[in-house]
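Residue numbers (the numbering used here): 82 to 246. We put the beta carbon where it would ideally sit given N, CA and C, even for glycine. Only a predicted model underlies this, so the values are computations on that prediction, with no experimental measurement involved. The structure under discussion appears below in the form of structure tokens.
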Ligand SMILES: [Fe+2]
């Protein structure tokens, strides 16, 4: 696609996010399986449901823009998930592995926060408030997930990981 205006850049970014959300949906079950702390497992399970909704919400945004919902391979997310997966199969203290899973999940969240923030702003600039609001809704959810993971790490997982022999 030729990027001759901001709208085409927005559509490119949405295609990237559409694929990113799909990749996350596929990767989360492995992370849930590898996690030990029940609080972490349930956070990731909740996030899986949210991610599926976010994937579907993007379809609404595509529809709003009058284009077909289509993904294009998101190499950034592929790399982040690949990095995260390296740790899943490793021999590790369970608490240390939980800490690593949180770190991997937060890298994913930060990618999404950057990408949704940008897409929301482009939609706003283009005067498409409905699309901007949909994107902002997801942006807020990503922020909440990130904060929840930070709390979980700070108060629960990292202190336990720090006392691993
Ligand atoms: Fe997401």
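Query: Hey, would you say the C-beta of residue 132 is under 6 Å away from at least one heavy atom of ligand 1?; Result: yes
Query: Please classify residue 102 as buried or exposed, where buried requires at least 16 other C-beta atoms within 10 Å of its C-beta.; Result: buried
Query: Report the residue from 217, 181, 223 whose alpha carbon sits nearest the alpha carbon of residue 242.; Result: 181
Query: Quick check on the DSSP output: the alpha helix (DSSP H) that includes residue 123 runs from which residue to which?; Result: 119-146
Query: Under 7 Å, do residue 177 and residue 245 count as touching if we go by C-beta distance?; Result: yes
Query: Indicate whether residue 104 and residue 161 have their beta-carbon atoms separated by less than 7 Å.; Result: no
Query: For residue 172, tell me which candidate among 99, 230, 193, 116 has the shortest Cα-Cα distance.; Result: 116
Query: Following a CB-centred definition, is residue 107 positioned closer than 6 Å to any heavy atom of ligand 1?; Result: no
Query: Is residue 193 close to ligand 1? I mean its beta-carbon at under 6 Å from any heavy atom of the ligand.; Result: yes
Query: In three-state terms, what does DSSP make of residue 164?; Result: helix
Query: Is residue 225 buried or exposed, if buried means 16 or more other CB atoms sit within 10 Å of its CB?; Result: exposed
Query: With DSSP as the reference, label residue 175 as helix, strand or coil.; Result: helix
Query: Beta carbon of residue 138, beta carbon of residue 219: below 7 Å?; Result: yes
Query: Would the stretch 203-220 and the stretch 141-155 be scored as touching if the rule is three or more Cβ pairs under 8 Å?; Result: yes
Query: How many Å lie between residue 200 and residue 192 at the Cα?; Result: 12 Å
Query: Can we count residue 126 as close to ligand 1, meaning its CB is less than 6 Å from some heavy atom?; Result: no
Query: Could you give the distance in angstroms between the alpha-carbon of residue 45 and the alpha-carbon of residue 130?; Result: What is shown of the chain runs 82 to 246, which leaves residue 45 out entirely.
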